[in-house]
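J.:
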Amino acid sequence: MCLINLMEHIRMLVSNGKYVGMVLLDLQKAFDTVDHEILCKKLEGMGIDFTEWFKSYLGGRQQVVVANEMTSEPGIVSCGVPQGSILGPLLFLCYVSVKCKLLLYADDSALIVSGSDPQAIGSLLSKELESCRQWLMDNKLSLHLGKTESILVGPKKKLNKVESFEVKCGNETIKHVKSVKYLGLQIDNDLFGKSILNEIIKKAN
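Residue numbers (the working numbering): 1425 to 1629.
1. State the start and end residues of the unbroken beta strand (DSSP E) segment that holds residue 1612.
2. Just the C-alpha distance for residue 1580 and residue 1535, rounded to the nearest angstrom, thanks.
3. Helix or strand or just coil, what does DSSP make of residue 1475?
4. Under the assumption that residue 1482 contacts residue 1566 (Cβ atoms under 8 Å), give the Cβ distance between them as a whole number of angstroms.
5. Would you identify the three-state DSSP class for residue 1438, choosing helix, strand or coil?
6. Distance check for residue 1456 and residue 1618, CA to CA, integer angstroms please.
7. Measure how close the beta-carbons of residue 1443 and residue 1577 come, nearest whole angstrom, since I'm counting them as under 8 Å.
8. Select from 1585, 1610, 1504 the residue whose C-alpha is nearest the C-alpha of residue 1541.
9. Quick check on the DSSP output: the beta strand (DSSP E) that includes residue 1605 runs from which residue to which?
10. What residue range does the alpha helix (DSSP H) around residue 1468 cover?
11. Nearest chain C C-beta to residue 1592 closer than 7 Å, yes or no?
12. So what does residue 1597 bridge to, in DSSP terms?
13. Helix, strand or coil, according to DSSP, for residue 1573 in the structure here?
14. How many Å lie between residue 1524 and residue 1558 at the Cα?
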């Protein structure tokens, strides 16, 4: 349903002659770097009053490293949420829940801005991306700018006339691509990839 809503939203904007700029965020070891104290404070702020249970659930975990048939001594895991669990992705979403232009699905996150001027869209995305990076740093998460990508979606005839579209974060220019994968779906900049409809139907079933 998330995929269908996203693609329908973008399709309607493009049908009305708008451009849609997206930045696909790549978070470094997102699930592994969640700060337990910050998470519990966020849960309390959401009105969840049994944070002691979550502290018990998250704390006291151990891990080992196996290499060359050798196993290390167990080490205490002091941060992160369990991967492969039901609660892990839900807790991560609570951790990154903020009031901004973000599409969130577990650790797949994207900024999205629409408008009539590609340069203005790029400038606004740059501003939002810098704010997002600062927020992530404040919450002990890290954004991998080298793997973060931007795309400008729009009517094909209008896209051919776009002279420049640039998204920056600080002094670094974000890689601009014509096709991205989000939630397992390949999204082309003109929305008419060969298999996009089949992919949406397959994901929905």
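Virtual Cβ for every residue (Gly too), placed ideally from N, Cα, C.
T.: On the basis of the coordinates in this document:
1. To locate residue 1612, count along the sequence shown from 1; it is residue 188. Looking at the DSSP string, the run of the beta strand (DSSP E) that includes residue 1612 is 1609–1612.
2. Translated into the one-based positions of the sequence shown, residue 1580 becomes position 156. Translated into the one-based positions of the sequence shown, residue 1535 becomes position 111. The straight-line gap separating the alpha-carbon atoms of residue 1580 and residue 1535 is approximately 22 Å.
3. Residue 1475 sits at position 51 when you count from the first residue of the sequence shown. Residue 1475 carries a helical assignment under DSSP once its states are collapsed to helix, strand and coil.
4. As a working mapping, residue 1482 is identified with position 58 in the sequence shown. As a working mapping, residue 1566 is identified with position 142 in the sequence shown. About 20 Å separates the Cβ atoms of residue 1482 and residue 1566, ruling out a contact at the 8 Å cut-off.
5. Counting from 1 along the sequence shown, the entry for residue 1438 is found at position 14. It is helical.
6. As a first step, residue 1618 is located in the sequence shown; it is residue number 194 there, counting from the start. As a first step, residue 1456 is located in the sequence shown; it is residue number 32 there, counting from the start. Confidence is the limiting factor: at residue 1618 the pLDDT is only 48, short of 50, which leaves the residue's position unreliable, though a coordinate-based value still follows. Here the C-alpha atom of residue 1618 lies approximately 36 Å from the C-alpha atom of residue 1456.
7. Here the question's residue 1443 lines up with position 19 in the sequence shown. Here the question's residue 1577 lines up with position 153 in the sequence shown. Going by Cβ atoms, the distance from residue 1443 to residue 1577 rounds to 7 Å, so yes, they are a contact pair.
8. For the purposes of this step, residue 1541 is identified with residue 117 of the sequence shown, where counting begins at 1. The shortest C-alpha separation from residue 1541 is found at 1585.
9. Taking the first residue of the sequence shown as 1, we reach residue 1605 at position 181. From DSSP, the beta strand (DSSP E) with residue 1605 extends over 1603–1606.
10. Residue 1468 sits at position 44 when you count from the first residue of the sequence shown. Annotation for residue 1468: the continuous alpha helix (DSSP H) segment containing it runs 1460–1469.
11. In summary, chain C is missing from the structure at hand, where a single protein chain is found.
12. Along the sequence shown, one-based indexing puts residue 1597 at 173. Bridge partners of residue 1597 according to DSSP: 1592.
13. Mapped onto the sequence shown, residue 1573 falls at position 149. Look at residue 1573 here: in three-state DSSP terms it is strand.
14. The count along the sequence shown starts at 1 and reaches residue 1524 at position 100. The count along the sequence shown starts at 1 and reaches residue 1558 at position 134. Low confidence applies to residue 1524: its pLDDT is 45, below 50, so where it sits in the model is not reliable, and the reading given next is rough at best. Their Cα atoms are separated by approximately 13 Å.
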